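S.K.:
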Amino acid sequence: MLRLTDYPTVQKALFYEKLSKDKVRCTLCERRCEIPLGHKGFCKTRVNIDGELYTLVYGDISAIESRPIEIKPFFHYWPGSTALTFSTWSCNLNCVWCQNFHLSKSEPNPNGAFFHSPEEIVDLALRGGDAGLCASFQEPTLLSEWAVRLFRLGKDRGIKYCCYVSNGYMTLDVLKALFEAGLDGLKIDVKGDNSVYEKHCGGADVEKIWRNAREARRMGVHVEIVNLVVKGVNDDEEALRWVIKKHLKEVGADAPLHFTRYFPAYKFNNPPTDIKTLEKAYEMAKKNGVLYPYIGNVSGHKYENTYCPNCGERLIQRYGYYVVKYAIKRDNKCPRCGLEIPIRGKYTCVRLGV
Numbered sequence: 000m001l002r003l004t005d006y007p008t009v010q011k012a013l014f015y016e017k018l019s020k021d022k023v024r025c026t027l028c029e030r031r032c033e034i035p036l037g038h039k040g041f042c043k044t045r046v047n048i049d050g051e052l053y054t055l056v057y058g059d060i061s062a063i064e065s066r067p068i069e070i071k072p073f074f075h076y077w078p079g080s081t082a083l084t085f086s087t088w089s090c091n092l093n094c095v096w097c098q099n100f101h102l103s104k105s106e107p108n109p110n111g112a113f114f115h116s117p118e119e120i121v122d123l124a125l126r127g128g129d130a131g132l133c134a135s136f137q138e139p140t141l142l143s144e145w146a147v148r149l150f151r152l153g154k155d156r157g158i159k160y161c162c163y164v165s166n167g168y169m170t171l172d173v174l175k176a177l178f179e180a181g182l183d184g185l186k187i188d189v190k191g192d193n194s195v196y197e198k199h200c201g202g203a204d205v206e207k208i209w210r211n212a213r214e215a216r217r218m219g220v221h222v223e224i225v226n227l228v229v230k231g232v233n234d235d236e237e238a239l240r241w242v243i244k245k246h247l248k249e250v251g252a253d254a255p256l257h258f259t260r261y262f263p264a265y266k267f268n269n270p271p272t273d274i275k276t277l278e279k280a281y282e283m284a285k286k287n288g289v290l291y292p293y294i295g296n297v298s299g300h301k302y303e304n305t306y307c308p309n310c311g312e313r314l315i316q317r318y319g320y321y322v323v324k325y326a327i328k329r330d331n332k333c334p335r336c337g338l339e340i341p342i343r344g345k346y347t348c349v350r351l352g353v
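Have a look at this one:
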């Protein structure tokens with residue numbers, strides 16, 4: 000009979016510390032779960048076996064497909080390209096409106112898992128013509144032991160970029176390890192202030208999330224912030240103003256800030272966010288000094304586009320997750336006034352799929 004540690008998706012964790020002979024503290028995310036012998040942490044992907052911490056999701060891939068980078072959304076990062084996008088199981092938050100709850104609310108099962116090696120994933124990306132690798136769909140922090148190896152291998156073999164679509168609640172040790180392995184793009188979802196996390200997401204210290212956004216920028220990682228605006232939760236002016244103020248303070252005026260439209264999902268049935276609310280958030284952000292605000296989940300809206308903050312020229316026209324027109328010059332300057340636009344990576348022209 001196989002022991003749990005015999006399964007390929009069960010591997011020794013990289014991020015933990017021993018508290019005693021039988022107890023460990025997980026240092027993967029800022030929950031820092033203290034886990035007794037035979038027990039799992041909050042996310043159910045880390046287990047204490049014989050006084051050592053193991054991950055249950057090493058290479059356990061729940062979904063994988065090639066996707067436009069704009070769908071993440073990344074709007075200033077390798078525009079027009081595709082990334083081979085993958086996920087595992089579970090989450091370290093518990094958001095009641097999760098769109099991907101079929102992944103984030105499912106615990107890993109090593110007995111039924113299909114192991115995918117980093118070599119296999121890099122081969123798949125290169126064969127498919129994907130420019131990058133992206134961990135997404137559910138919280139990628141839980142996949143970090145495997146992602147560290149994947150990103151390092153990918154960069155060695157010619158993958159152009161490696162990114163996370165994250166809730167941003169990893170520890171600094173994890174963020175540094177990912178950066179050293181090749182992480183160069185990070186999209187962070189900020190739900191709201193601590194009261195939003197406490198009431199709707201299982202609790203979290205949002206200051207640690209902003210800290211990670213700030214530190215990632217300092218390291219040289221490209222950072223974009225997303226605020227899912229939920230009707231009746233964080234759609235009032237005070238909540239929007241708080242996000243804008245924190246964004247300017249922690250990541251700066253030139254970092255993209257996306258206000259995305261909520262739709263009912265999982266356990267939450269409030270009506271979809273009013274488009275006028277998103278437009279108000281965009282206009283508030285512009286007025287207060289955010290240079291590149293956007294609204295999302297509203298295909299065809301003019302605020303999906305990138306405009307020069309100096310002269311107002313439309314630089315990138317988008318429709319949903321696709322680039323329709325790209326007018327920024329090769330030196331990343333506005334063709335009208337010459338302002339340098341902060342774009343990471345080269346534009347890739349992809350046929351519009353709408």
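Numbering that gives the first Met the number 0 puts the first residue of the sequence shown at 0, with every later residue one more than the last.
Here a beta-carbon is modelled for each residue, glycine too, at the ideal position from N, C-alpha and C.
Please read these numbers as outputs of a predicted model, since none were measured by experiment.
#1: What are the complete beta strand (DSSP E) segments, minimum 3 residues, inside the stretch 175 to 220?
#2: Three-state secondary structure (DSSP) at Leu-18?
#3: Locate the beta strand (DSSP E) running through Phe-85, then write down its first and last residues.
#4: Kindly indicate which three-state DSSP category Glu-281 falls into: helix, strand or coil?
#5: Enumerate in chain order the residues of its own chain whose CB-to-CB distance from Pro-271 is below 8 Å, with the five nearest sequence positions on each side excluded.
#6: Can you give the Cα-Cα distance for Gly-352 and Phe-73, rounded to whole angstroms?
#7: What did DSSP end up calling Phe-100 once you bin it into helix, strand or coil?
#8: Mapping DSSP to helix, strand and coil, what is Asn-226?
#9: Report the residue from Thr-26, Leu-27, Gly-50, Pro-109 whose alpha carbon sits nearest the alpha carbon of Pro-7.
#10: Buried or exposed: where does Glu-303 fall if 16 or more other Cβ atoms within 10 Å of its Cβ makes it buried?
#11: Does the beta-carbon distance from Ile-224 to Phe-258 come in below 7 Å?
#12: Would you identify the three-state DSSP class for Lys-110, choosing helix, strand or coil?
#13: Please classify Asp-5 as buried or exposed, where buried requires at least 16 other C-beta atoms within 10 Å of its C-beta.
#14: Can you look up Glu-324 in the DSSP assignment and give me helix, strand or coil?
#15: What's the gap between the Cα of Asp-192 and the Cα of Asn-93?
#16: Beta-carbon separation of Asn-99 and Cys-28 under 7 Å?
#17: Drop a sphere of 10 angstroms on the beta-carbon of Arg-156, count the other beta-carbons inside from all chains shown, and report buried for 16 or more, exposed for fewer.
#18: Go ahead and pull the three-state DSSP assignment for Val-164.
M.R.: Looking at the atomic coordinates:
#1: 184 to 188
#2: coil
#3: 81 to 86
#4: According to the sequence displayed, residue 281 carries Tyr and not Glu. Helix, per DSSP.
#5: The beta carbon of Pro-271 sits closer than 8 Å to the beta carbons of Lys-230, Arg-260, Tyr-261, Phe-262, Pro-263 from its chain, once the five residues preceding and following it are set aside; these are given in chain order.
#6: Summary for Gly-352: the model assigns pLDDT 44, below 50, so the residue's position carries little reliability, and this model does not support an answer.
#7: helix
#8: Residue state, collapsed to three classes: strand.
#9: Pro-109
#10: buried
#11: no
#12: Per the sequence shown, residue 110 should be read as Asn rather than Lys. Helix.
#13: exposed
#14: Inspection of the sequence shows that residue 324 is occupied by Lys rather than by Glu. It is a strand residue.
#15: 15 Å
#16: No, the Cβ-Cβ distance between Asn-99 and Cys-28 is not below 7 Å.
#17: exposed
#18: Here Val-164 sits in strand by DSSP.
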